[in-house]
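Visitor:
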Amino acid sequence: MREMILCKLGEVVLKGLNRRSFEDKLIGNLRRRTAKCGSFRIYSKQSTIYVEPVNDESDLAAAYAACKQVFGVIAVSRALPCEKDVQAIIRTAKDYLAPEFARARDFKVESKRADKTFPLTSIQLSQQVGGALHQAFPRCAVNVHDPELTVFIEVRDDAAYVHGPAEDGAGGLPIGMGGTAVSLLSGGIDSPVASYMMAKRGVSLEMVHFFSPPYTSDAAREKVLELAQLLTPWCGRLTVHIVPFTEIQEQIRLNCPEDHFTLIMRRFMMRLAQRVADEVRAKALVTGECLGQVASQTMEALRVSEDVVDLPVLRPLIGMDKEEIIRISRKIGTFDTSILPYEDCCTVFTPRHPKTKPHVEEVRELEAVLDIDALCERAMAGRERVRIKL
């Protein structure tokens, strides 16, 4: 029997009559993520998804790494199946986990007997296997309280499975079960983290980025595309809608008060994001806003920016502090790219003294001098779509 991967389900198991649809979506996502790693048979039994290589050419290590980044999986382990026989289980554990026993000072065995026709109870099986392993590896002491190595044995309907400790999976819900949203992706730290967190809730994402040449460089544009690429192991394939924003910003600078530059700019971004959302049939917008982090993220400012859209605005970072956001950014691999020193359009024409407690009616009056529809139409006409693949 070949070594394989066991994927444990997270909150998917809490679903009711629609649980099967969540599992089917998760299996489909796992198939797509492991397709480049070789041929695998992927199926679900007893709250576990099995990823079984079809031939020896399949790259199990690469598939294992991919499975850990698929939302809906809470834990992942490499396991070796064997016959449902005590001696076969002992032989498999000795051979398969010998390198782990060479490194560990102590161990214990934990057994789960999903197949109730198996003649031994879970405790009896753990005792027999544990005794045999202690004889085989006498330098590794038995420690049932806090061992360095835990040997797991799962007796299931079709086979017994031996494995070491599982590693954490991505958790959350399978992408595609939470609908589609448009995420505003800048070149900073926050928006990639916000995108990741919404993907973790099962949301499929389309990205929109606002580009302002010559005030922002091609390097800044490439930085954002690199961030999108870094998100694909978590979010799957992405489309980045790059919207030209120069004319809008210049018109705001020429016609609106300086202290309202950022607020009016944000309102245009939201309008354009909703246009993209309407086109791709998305049901919400996603931003990386965090309450009080900057002047445009006060409660009053957030109210002003979302005044121009009728879709829900999802802000997964709203109550987090910067250290929490940075910690997640490092975890998902976007931090080093996010801090590259390239300007994005949010930092162009930044007011010296931005308005922190604006009023919706006042901002509406101030931007009324602009031909809003025409500016949005021209920006959308100049949009570029870039598809980012895994």
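Taking the working numbering, the leading residue of the sequence shown gets 1031, the next gets one more, and so forth.
All C-beta atoms, glycine included, are put in the ideal place defined by N, C-alpha and C.
All values derive from a computational prediction rather than experimental measurement.
1. Under three-state DSSP, which class holds glutamate 1392?
2. So the candidates are Tyr1080, Phe1240, Cys1067; which of them puts its Cα closest to the Cα of alanine 1091?
3. Return yes when the Cβ of glutamate 1140 is within less than 8 Å of the Cβ of serine 1156, no when it is not.
4. When the cut-off is 8 Å and only beta carbons count, does glutamate 1053 lie next to chain B?
5. Along the chain, where does the alpha helix (DSSP H) that runs through methionine 1299 open and close?
6. Rounded to whole angstroms, how far is the Cβ of valine 1043 from the Cβ of leucine 1056, which I believe are closer than 8 Å?
7. Are the stretch 1210-1228 and the stretch 1237-1257 in contact at 8 Å, needing three or more beta carbon pairs?
8. Keeping to the same chain, check which residues put their C-beta closer than 6 Å to that of threonine 1151; ignore five residues upstream and five downstream.
9. Can you say whether isoleucine 1205 is buried or exposed, counting buried as having 16 or more other CB atoms within 10 angstroms of its CB?
10. Which residue wins for smallest C-alpha separation from arginine 1063, given the options Phe1137, Asp1136, Lys1098, Ile1219?
11. Can you have a look at aspartate 1248 and say buried or exposed, based on whether 16 or more other CB atoms are within 10 angstroms of its CB?
12. For methionine 1207, which three-state DSSP category applies?
13. Less than 8 Å between the CB atoms is what I'm expecting for leucine 1341 and glutamine 1304, so what's the real figure, rounded?
14. Please state the DSSP three-state secondary structure of threonine 1367.
15. What is the residue span of the beta strand (DSSP E) that glutamate 1113 lies within?
16. Closest to cysteine 1370 by C-alpha separation, out of Arg1333, Tyr1073, Leu1257, Arg1283, would be which residue?
17. Can you tell me which of Lys1075, Arg1071, Arg1032, Leu1047 puts its alpha carbon nearest to the alpha carbon of glycine 1038?
18. Have a look at Pro1168, Phe1275, Val1310, Thr1122 and flag the residue whose alpha-carbon is nearest the alpha-carbon of proline 1111.
19. For glutamate 1319 versus arginine 1345, is the C-beta distance shorter than 8 Å?
20. Are the Cβ atoms of phenylalanine 1137 and threonine 1180 separated by less than 8 Å?
21. Relative to the C-alpha of glutamate 1197, which candidate in Ala1331, Arg1071, Phe1182, Ala1190 has its C-alpha closest?
22. Tell me which residue opens and which closes the beta strand (DSSP E) that leucine 1405 is part of.
23. Between proline 1195 and the rest of its own chain, which residues show a CB-CB distance below 8 Å, the 5 nearest in sequence each way excluded?
24. Would you list, in sequence order, the uninterrupted beta strand (DSSP E) runs of no fewer than 3 residues that lie entirely inside the stretch 1197-1255?
25. Just to confirm my understanding: we take alanine 1314, look at its own chain, exclude 5 residues before and 5 after, and list those with CB closer than 6 Å. What are they?
26. Could you give the DSSP three-state label for arginine 1071: helix, strand or coil?
27. Identify which residue in Met1228, Ile1278, Tyr1372, Asn1048 has its Cα closest to the Cα of glutamate 1397.
28. Just verifying my parser: in three-state terms, what is the DSSP assignment at cysteine 1097?
Guide: The short version:
1. Along the sequence shown, read from residue 1 onward, the residue named residue 1392 stands at position 362. Correct three-state label for glutamate 1392: helix.
2. Within the sequence shown, numbered from 1, the residue matching residue 1091 stands at position 61. Checked all of Tyr1080, Phe1240, Cys1067; the closest Cα to alanine 1091 is Cys1067.
3. Locating residue 1156 in the sequence shown gives position 126, where the first residue counts as 1. Locating residue 1140 in the sequence shown gives position 110, where the first residue counts as 1. Yes.
4. Absent from the structure is chain B; it holds one protein chain and no more.
5. If you number the sequence shown from 1, residue 1299 lands on position 269. Taken as a continuous stretch (DSSP letters only), the alpha helix (DSSP H) holding methionine 1299 covers 1291-1310.
6. Numbered from its first residue, the sequence shown carries residue 1043 at position 13. Numbered from its first residue, the sequence shown carries residue 1056 at position 26. Contact doesn't hold; Cβ gap of about 11 Å is too wide.
7. yes
8. Mapped onto the sequence shown, residue 1151 falls at position 121. Once the five neighbours on either side are set aside, threonine 1151 has no close Cβ partner at all.
9. Locating residue 1205 in the sequence shown gives position 175, counting from the first residue. Classification for isoleucine 1205: buried.
10. For the purposes of this step, residue 1063 is identified with residue 33 of the sequence shown, where counting begins at 1. Nearest C-alpha to arginine 1063: Lys1098.
11. Here residue 1248 is taken as the residue at index 218 of the sequence shown, counted from 1. By the neighbour-count rule (16 or more Cβ atoms within 10 Å), aspartate 1248 is not buried but exposed.
12. For the purposes of this step, residue 1207 is taken as residue 177 along the sequence shown, with counting starting at 1. Residue state, collapsed to three classes: coil.
13. Position 311 of the sequence shown, counted from the start, is the residue given in the question as residue 1341. Position 274 of the sequence shown, counted from the start, is the residue given in the question as residue 1304. About 6 Å; that satisfies the 8 Å criterion.
14. Residue mapping note: residue 1367 aligns to position 337 of the sequence shown, counting from 1. Looking at threonine 1367 - three-state DSSP - the assignment turns out to be helix.
15. For the purposes of this step, residue 1113 is identified with residue 83 of the sequence shown, where counting begins at 1. Glutamate 1113 -> no beta strand (DSSP E), and no H or E assigned at all.
16. On the sequence shown, position 340 is the one that residue 1370 refers to. In the sequence as displayed, the identity of residue 1370 is leucine instead of cysteine. Minimum Cα distance to leucine 1370 is reached at Leu1257.
17. For the purposes of this step, residue 1038 is taken as residue 8 along the sequence shown, with counting starting at 1. Here the sequence assigns lysine to residue 1038, which means glycine is not the residue at that position. Closest by alpha carbon: Lys1075.
18. Position 81 of the sequence shown, counted from the start, is the residue given in the question as residue 1111. Cα-wise, what sits closest to proline 1111 is Thr1122.
19. Along the sequence shown, one-based indexing puts residue 1319 at 289. Along the sequence shown, one-based indexing puts residue 1345 at 315. Yes, these two residues count as a Cβ contact at 8 Å.
20. In the sequence shown, the residue the question calls residue 1137 occupies position 107. In the sequence shown, the residue the question calls residue 1180 occupies position 150. Closer than 8 Å, so yes.
21. Your numbering for residue 1197 matches position 167 in the sequence shown. With distances taken between Cα atoms, glutamate 1197 lies closest to Phe1182.
22. As a first step, residue 1405 must be located in the sequence shown, where it is residue number 375. That residue, leucine 1405, is in no beta strand (DSSP E); its alpha helix (DSSP H) goes 1402-1411.
23. Looking up residue 1195 in the sequence shown gives position 165. Once the five neighbours on either side are set aside, the close Cβ partners of proline 1195 are Ser1107, Leu1179, Thr1180, Phe1182.
24. 1210-1214, 1234-1241
25. By one-based count along the sequence shown, residue 1314 stands at place 284. Hits under 6 Å: Ala1211, Leu1341, Pro1342, Leu1344.
26. Here residue 1071 corresponds to residue number 41 of the sequence shown, with the count starting at 1. Of the three classes helix, strand and coil, the one that applies to arginine 1071 here is strand, per DSSP.
27. Position 367 of the sequence shown, counting from 1, holds the residue named residue 1397. Measuring from the Cα of glutamate 1397, the nearest candidate turns out to be Ile1278.
28. Translated into the one-based positions of the sequence shown, residue 1097 becomes position 67. It is helical.
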